[in-house]
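Taking it in order: structure first as structure tokens, then the write-up.
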Amino acid sequence: MAEKIKNVFVSHHHKDDSSVDGLTGMLRGKNYRLRNSSIRVKPENEERIDKKKVSDRTIQRLLRMKMRWASQVIVVIGKETHQRSWVNWEIEAAHKLGKPIIGVYERGLRDQVEIPENLEKHATSIVGWTSDSVIQALEGKVRFQKPDGSPRPKNSGGSIQC
851 MAEKIKNVFV SHHHKDDSSV DGLTGMLRGK NYRLRNSSIR VKPENEERID KKKVSDRTIQ
911 RLLRMKMRWA SQVIVVIGKE THQRSWVNWE IEAAHKLGKP IIGVYERGLR DQVEIPENLE
971 KHATSIVGWT SDSVIQALEG KVRFQKPDGS PRPKNSGGSI QC
């Protein structure tokens, strides 16, 4: 079977970088390759951003360029994702660009997870951490799941109990 390739932008909290690698690795095992245009902040640049040595406007322009290239946006949903203003901004920007937005719960989540506000509003799918669920969402099948893969309503108020 020929490898399937998708150009995506993965929105995530920098602490969840390993989950981005895990996601691409999980799908690679199913002959599905993600080409990811998202930005990974190197430790030496993180301080520059935190101290506002790089303007928000510059970062936003770069993020929009990266998102325009992608056919879809994936949001890795971790325990702190809902608190990340940049993730919420990226979701809103993706929506304005007309990109399908897929939320994927971080692997192993068992506790209560809050969904970022803009993801609740604009997600085309929110799925658990399984290759089949993620691939189906990438292929356009609309699914809304809890982290364990069981169904959930499209808009459940931003938080679920697992």
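The letter at position 37 of the sequence shown is residue 887 when you use our numbering, and the numbering goes up by one with no holes. Built from N, CA and C at the ideal position, the CB exists for glycine as well.
Per DSSP, which one or two residues make a beta bridge with residue i?
{"i": "L884", "result": "K856"}
{"i": "S975", "result": "I952"}
{"i": "S861", "result": "V925"}
{"i": "P1003", "result": "None, per the DSSP bridge assignment."}
CB-CB under 7 Å to residue i, same chain, minus the five flanking residues each way: which ones, in chain order?
{"i": "K880", "result": "S981, I985"}
{"i": "I855", "result": "R883, R885"}
{"i": "R934", "result": "H863"}
{"i": "Q995", "result": "I976, V977, G978, S983, P1001, R1002"}
On the DSSP letters alone, give me the boundaries of the alpha helix (DSSP H) that residue i sits inside.
{"i": "Q819", "result": "Since the displayed the chain opens at 851 and closes at 1012, residue 819 lies outside it and no answer follows."}
{"i": "L988", "result": "981-988"}
{"i": "I889", "result": "Segment: none, I889 is in no alpha helix (DSSP H) and carries neither H nor E."}
{"i": "L877", "result": "867-878"}
{"i": "E942", "result": "935-946"}
Between which residues of its own chain and residue i is the CB-CB distance below 6 Å, once the five residues before and five after are set aside?
{"i": "S975", "result": "I952, A987, V992, R993"}
{"i": "H862", "result": "V870, V926"}
{"i": "W979", "result": "Y955, R957"}
{"i": "K902", "result": "none"}
{"i": "P997", "result": "Y955, L959, G978, C1012"}
If I follow the unbroken beta strand (DSSP E) through residue i, where does it start and stop?
{"i": "V954", "result": "951-955"}
{"i": "V925", "result": "922-927"}
{"i": "V904", "result": "Premise fails: V904 is in no beta strand (DSSP E) and is neither H nor E."}
With 16 as the cutoff for other CB atoms within 10 Å, does residue i come out buried or exposed?
{"i": "A973", "result": "buried"}
{"i": "P1003", "result": "exposed"}
{"i": "D866", "result": "buried"}
{"i": "Q1011", "result": "Caution is warranted here: a pLDDT of 36 is assigned to Q1011, below 50, making its placement in the model unreliable, and no coordinate value can be reported."}
{"i": "K949", "result": "buried"}
{"i": "L912", "result": "exposed"}
Output needed for residue i: all residues of its chain with C-beta closer than 8 Å, excluding positions within five of it in sequence on either side, in chain order.
{"i": "W919", "result": "N857, F859, S887"}
{"i": "L877", "result": "R883, L884, S981, V984, I985"}
{"i": "L947", "result": "R914, M917, R918"}
Exercise for the section: Determine, using beta-carbon pairs with one atom in the stretch 956-965 and one in the stretch 937-944, whether at least three such pairs fall under 8 Å. Expected result: The stretch 956-965 makes no contact with the stretch 937-944; the number of CB pairs closer than 8 Å stays below 3.
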